[in-house]
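Chains as they are written, first to last, in my numbering: chain C, 28 to 584; chain H, 28 to 584.
There are 2 protein chains.
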Amino acid sequence: MADDARLERLQGMLRQRGVLLPAFDLYGGAKGLYDFGPVGGRLRSKINQAWLNHWTSLGNVVEVSSPTVTPYEVLEASGHVGEFSDFMTQCGECDEASRADTLLEPHHPNPDSLNGEDLQALLDDVSPKCPACGVVSWSPIEAQNLMFSTTIGAGSSGRPGFMRPETAQGMFTMFPALYRHFREQLPFGAIQVGKGYRNEISPRQGMIRLREFNMAEMEYFIDPSIQESHDFSKWDSTLMELLDGEGEVHTLSLTHAISSGLIRHQTVGFFMGKTYDFLLELGIDSQKVRFRQHAPDEMAHYASDCWDVELHGSYGWIECVGIAHRGCYDLEAHEKASGRTLRARREFLEPKIMEIDGWTIDGGVAGPAFRGDAGQVKELVESLDLETEFPVDVVLNDGRTLTVESQHVKRVQKTVKETGEWFIPHVVEPAFGIDRILWHVLDHAYDESEKGGEPYRMLKLSSLVAPIDVVILPLFEKNGMDEIASELHKRCCMIPNLVSMYDASGSIGKRYARADEIGVPLCITVDHQSLEDNTVTMRKRDDGSQVRISIDELPFL
Amino acid sequence: MADDARLERLQGMLRQRGVLLPAFDLYGGAKGLYDFGPVGGRLRSKINQAWLNHWTSLGNVVEVSSPTVTPYEVLEASGHVGEFSDFMTQCGECDEASRADTLLEPHHPNPDSLNGEDLQALLDDVSPKCPACGVVSWSPIEAQNLMFSTTIGAGSSGRPGFMRPETAQGMFTMFPALYRHFREQLPFGAIQVGKGYRNEISPRQGMIRLREFNMAEMEYFIDPSIQESHDFSKWDSTLMELLDGEGEVHTLSLTHAISSGLIRHQTVGFFMGKTYDFLLELGIDSQKVRFRQHAPDEMAHYASDCWDVELHGSYGWIECVGIAHRGCYDLEAHEKASGRTLRARREFLEPKIMEIDGWTIDGGVAGPAFRGDAGQVKELVESLDLETEFPVDVVLNDGRTLTVESQHVKRVQKTVKETGEWFIPHVVEPAFGIDRILWHVLDHAYDESEKGGEPYRMLKLSSLVAPIDVVILPLFEKNGMDEIASELHKRCCMIPNLVSMYDASGSIGKRYARADEIGVPLCITVDHQSLEDNTVTMRKRDDGSQVRISIDELPFL
Numbered sequence: 028m029a030d031d032a033r034l035e036r037l038q039g040m041l042r043q044r045g046v047l048l049p050a051f052d053l054y055g056g057a058k059g060l061y062d063f064g065p066v067g068g069r070l071r072s073k074i075n076q077a078w079l080n081h082w083t084s085l086g087n088v089v090e091v092s093s094p095t096v097t098p099y100e101v102l103e104a105s106g107h108v109g110e111f112s113d114f115m116t117q118c119g120e121c122d123e124a125s126r127a128d129t130l131l132e133p134h135h136p137n138p139d140s141l142n143g144e145d146l147q148a149l150l151d152d153v154s155p156k157c158p159a160c161g162v163v164s165w166s167p168i169e170a171q172n173l174m175f176s177t178t179i180g181a182g183s184s185g186r187p188g189f190m191r192p193e194t195a196q197g198m199f200t201m202f203p204a205l206y207r208h209f210r211e212q213l214p215f216g217a218i219q220v221g222k223g224y225r226n227e228i229s230p231r232q233g234m235i236r237l238r239e240f241n242m243a244e245m246e247y248f249i250d251p252s253i254q255e256s257h258d259f260s261k262w263d264s265t266l267m268e269l270l271d272g273e274g275e276v277h278t279l280s281l282t283h284a285i286s287s288g289l290i291r292h293q294t295v296g297f298f299m300g301k302t303y304d305f306l307l308e309l310g311i312d313s314q315k316v317r318f319r320q321h322a323p324d325e326m327a328h329y330a331s332d333c334w335d336v337e338l339h340g341s342y343g344w345i346e347c348v349g350i351a352h353r354g355c356y357d358l359e360a361h362e363k364a365s366g367r368t369l370r371a372r373r374e375f376l377e378p379k380i381m382e383i384d385g386w387t388i389d390g391g392v393a394g395p396a397f398r399g400d401a402g403q404v405k406e407l408v409e410s411l412d413l414e415t416e417f418p419v420d421v422v423l424n425d426g427r428t429l430t431v432e433s434q435h436v437k438r439v440q441k442t443v444k445e446t447g448e449w450f451i452p453h454v455v456e457p458a459f460g461i462d463r464i465l466w467h468v469l470d471h472a473y474d475e476s477e478k479g480g481e482p483y484r485m486l487k488l489s490s491l492v493a494p495i496d497v498v499i500l501p502l503f504e505k506n507g508m509d510e511i512a513s514e515l516h517k518r519c520c521m522i523p524n525l526v527s528m529y530d531a532s533g534s535i536g537k538r539y540a541r542a543d544e545i546g547v548p549l550c551i552t553v554d555h556q557s558l559e560d561n562t563v564t565m566r567k568r569d570d571g572s573q574v575r576i577s578i579d580e581l582p583f584l
Numbered sequence: 028m029a030d031d032a033r034l035e036r037l038q039g040m041l042r043q044r045g046v047l048l049p050a051f052d053l054y055g056g057a058k059g060l061y062d063f064g065p066v067g068g069r070l071r072s073k074i075n076q077a078w079l080n081h082w083t084s085l086g087n088v089v090e091v092s093s094p095t096v097t098p099y100e101v102l103e104a105s106g107h108v109g110e111f112s113d114f115m116t117q118c119g120e121c122d123e124a125s126r127a128d129t130l131l132e133p134h135h136p137n138p139d140s141l142n143g144e145d146l147q148a149l150l151d152d153v154s155p156k157c158p159a160c161g162v163v164s165w166s167p168i169e170a171q172n173l174m175f176s177t178t179i180g181a182g183s184s185g186r187p188g189f190m191r192p193e194t195a196q197g198m199f200t201m202f203p204a205l206y207r208h209f210r211e212q213l214p215f216g217a218i219q220v221g222k223g224y225r226n227e228i229s230p231r232q233g234m235i236r237l238r239e240f241n242m243a244e245m246e247y248f249i250d251p252s253i254q255e256s257h258d259f260s261k262w263d264s265t266l267m268e269l270l271d272g273e274g275e276v277h278t279l280s281l282t283h284a285i286s287s288g289l290i291r292h293q294t295v296g297f298f299m300g301k302t303y304d305f306l307l308e309l310g311i312d313s314q315k316v317r318f319r320q321h322a323p324d325e326m327a328h329y330a331s332d333c334w335d336v337e338l339h340g341s342y343g344w345i346e347c348v349g350i351a352h353r354g355c356y357d358l359e360a361h362e363k364a365s366g367r368t369l370r371a372r373r374e375f376l377e378p379k380i381m382e383i384d385g386w387t388i389d390g391g392v393a394g395p396a397f398r399g400d401a402g403q404v405k406e407l408v409e410s411l412d413l414e415t416e417f418p419v420d421v422v423l424n425d426g427r428t429l430t431v432e433s434q435h436v437k438r439v440q441k442t443v444k445e446t447g448e449w450f451i452p453h454v455v456e457p458a459f460g461i462d463r464i465l466w467h468v469l470d471h472a473y474d475e476s477e478k479g480g481e482p483y484r485m486l487k488l489s490s491l492v493a494p495i496d497v498v499i500l501p502l503f504e505k506n507g508m509d510e511i512a513s514e515l516h517k518r519c520c521m522i523p524n525l526v527s528m529y530d531a532s533g534s535i536g537k538r539y540a541r542a543d544e545i546g547v548p549l550c551i552t553v554d555h556q557s558l559e560d561n562t563v564t565m566r567k568r569d570d571g572s573q574v575r576i577s578i579d580e581l582p583f584l
């Protein structure tokens, strides 16, 4: 309860100070949509930029950007059309839609894990009241796809599409360009920062569950046959909290977690370390970070290891990053659906000599017979046993069946030297929810104390993310103090990536307090003495210390 | 024709080198959607960042970010639901949708200016062939709204919404937070970089006409009663090309254009200058920039002056920036639609003494009678003439009519001292099409020459936007040259905002050529001599000059 009151005060301050505001508030707001205001806008920008710098510093990672409007076929191939859904029920009285699992949270330890039938049975059994109107009158539960759908193009020539639920698909479909850029050498990564969309049935928890969110993902492509090895020495003496798939807590270093097999893949472990560093750089409290391994039944079927990074704040432990070894699932799915090859080549250390005795197509006959499909038919025929009797039916990628007759084929016997082979790269994906991280940066930086018997609030933001770097305060707007202050403000504004604010309104105490509430690390006051000797008072936010310093010696100029 | 061939070569190179690629190419592409690839991603980022820095340096401008998903009401108030449309006709044979004005371009000097009826008459008269199938069979022309529409929320409780057509509305609806942030002192600006959407009927011209685009807008709020004055001395001796509303060309300085009244508003002129500087910083050719004033019939009815900044490139002169004085149109529209006040206060130099003799409401009677509407009724009653006879009907903001009876009102006679008044600020808006600018940056940087009898291509990008700052090349990947090169690459990667690329594949000449094609300003080659004395060869892109330099003296380290 104490925490709820703190949360309310924090939210109120963020709204009042222009950090985070409910979007379209003029029109009664729109649930699940937030504005980053005059202070929050740059906070978001700086976190995005810090994230990009953090990952490009790996040296084999490039930034890309793909559209948010996405054709149906792409998200059908990725599985989102079929599976990106929640179970919904609607109130017969007030029409409010609710997530079935949320309604049943008080009555089941983990309703999220139930299927539609079990949820329906439990709903019938428990009969919870509608949170909006209090009546009990639920429609039958149905799966509701969570993508925002739209139409690309006009009139009847328009095609169905969606706003992307994640940035990842744009990077998978860009694989050929990435592979070419990196001179066909794995491993490499592509990163993207941008909007993702999820048409939540019933958004709640402020910045935690948004309908439009800022996300940042990396797709890191590796050769599964090569045992990656990374340097974990940096984290040797850092004990981290790791919950395994059974919920048991292990407090140990990453090095130890890898060597003991708790973390199953070196690259997954390495990205866990890099993520930990990133969060701490932003100002996240190291005591409020933990890693949670997905239980086998929680993990997507194709994933071989998956860890969430959870941060603790006003809403309890919240998943803010997911680091998943996705195997070859994504590229394979797009290969199948598009009929295009998404592979990398690996050279053998020594050429392989192979004796071939089997079937191939007779181009002169099969070519005209199968036309555009001849290439695929050839591949299929060459995979047939020598014992195959023709005619035989083969199934193409797109599901069509063709009959291959004996005149289409010929026996082939030869010795071939293969110098390498093509394979589908595996992917390790760290996916960051930027808004959730931003929220916890604010939550961890928020400090409540007292000053002169009054409550005093402050955001102790790290200078890496503080949206305003310095505030310039003329003690009075007269006698030339305002001119010196304006001049200094202008000088600051000319420095790239430094944001200065000029504030002349109210008493100095009030202005310091406002600056503290938006987390400005330094306040510079221009007073009577400045007129005489060109010095100013520099006040540090975190300890309130003040020093007299010449303008030309200010550390940021 | 020569230019078409150049355009094709440029597009081919940008695709091959991972700068710009048709999005979702695996699935046959999606018209009007582009990927920024492994090279283009950072180019986009750097232009966005340069734009943000350029405007925040003004000192009274803040960065914000608002959602792209936008409720219906907001875009109804802004006028987009009613007016953001093109005239469409569809082919009866192949179903392809076409813009009517585009079809009629060969037959009319400016079909864009025609209304639906005139377009229909001309279409019937001319009977152009369908560009897709060649048949003549057009459906009746209809206005097609160009917003991507969607539904916010699930089931029957979902609300209609759109993907925003511009970033501006998010900043208008955020006005109260901006006004508070700036201590209720005009002028100030809010800037935003982000996605805009326009569901083009028939996208064409590559990056010029996209369905999803990157835009950057500033809304600069001013007090219309104050004559702004800006310093134009910086541009005193810069002659610019300005086309007035009649299409007449004036070649003169901004200072002169202001003093002669060609540019009607100081702030509009100042932003024209700032825009010119920004474009040149990005590497835009000053000879390919011109300003074009909107003709009175081309300008929105509320705008008092509007200038496009046009850039010349492969597609001719293209509008890339619009700078418009929008008056109070936007805030007033949102005031009316939302019933909320969006005003600023100006203090009078001397208090005004006013004799009031008129009507007000009798709170004790009117309060209970009008409840939540009492405030609005009071305002309406106070604006009535003393001669008004009651009962009288008043119309509320939302269109409802209420009857005010004589018992609801009382006569008021008093002397009041007003120290100031509330007014709706005016807005000057520079709106930038980032993709169009990015395209012209590439177009102007693209240089074709010959080397050894072969065509040679280069992007002469300014270092402010070059996506890769340096390429590190080991002459051979052996004898330790690869180790020195890797070490150097890693050192570069640790420098924030410096992007280095390691390239060991192919001959040095080929690697230089690839680096030149993606506009890398510097190539560093590690060779046999590096093993002995720790020096490398530094090659400059623009003149091909090479100098021997010690690693520790490299200018970017």
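The beta carbon of each residue, even a glycine, is placed where N, CA and C say it ideally should be.
Residue i, buried or exposed, once every other Cβ within 10 Å from all chains shown has been counted against 16
i	result
Gly343(H)	exposed
Thr83(C)	buried
Phe297(H)	buried
Glu559(H)	exposed
Phe375(C)	exposed
Leu413(H)	exposed
Glu580(C)	exposed
Gln573(H)	exposed
Leu584(C)	exposed
Whether residue i touches residue j by CB criterion (8 Å)
i	j	result
Leu102(C)	Met174(C)	yes
Glu246(H)	Phe199(H)	yes
Thr97(H)	Gln196(H)	yes
Ala1(H)	Glu456(H)	With chain H represented from 28 up to 584, any question about residue 1(H) goes unanswered, as that position is not in the structure.
Ser229(H)	Ser125(H)	yes
Phe63(H)	Ser260(C)	no
DSSP three-state assignment for residue i, whether helix, strand or coil
i	result
Val46(C)	coil
Ser112(H)	strand
Met28(C)	Note that Met28(C) has pLDDT 46, beneath the 50 cutoff, so the model's placement of it is unreliable and the number below is only indicative. Coil, per DSSP.
Thr13(C)	Chain C is shown from 28 up to 584; residue 13(C) falls before or after that span and cannot be answered.
Cys121(H)	coil
Gln232(C)	coil
Residues that DSSP places opposite residue i in a beta bridge
i	result
Trp386(C)	Arg438(C)
Gly221(H)	Met242(H)
Contact test: residue i Cβ vs the ligand GTP heavy atom, cutoff 7 Å
i	result
Leu47(C)	Absence of the ligand GTP from the depicted structure is noted, as is the absence of any ligand whatsoever, leaving it without description.
Taking only beta carbons into account, state which residues of the stretch 104–132 of chain H come closer than 7 Å to chain C, listed in chain order. Met115, Gln117, Asp122, Glu123 and Ala124
_Any C-beta of chain H within less than 7 Å: which residues of the stretch 229–240 of chain C qualify?_
Arg238 and Glu239
Members of the stretch 499–521 of chain H near chain C, C-beta cut-off 7 Å: His516, Lys517, Cys520 and Met521
### Task
Could you run through the stretch 544–577 of chain C and flag, in chain order, every residue whose CB is less than 8 Å away from some CB of chain H?
none
Query - Proximal residues, the stretch 306–329 of chain H versus chain C, C-beta separation under 7 Å - result: none
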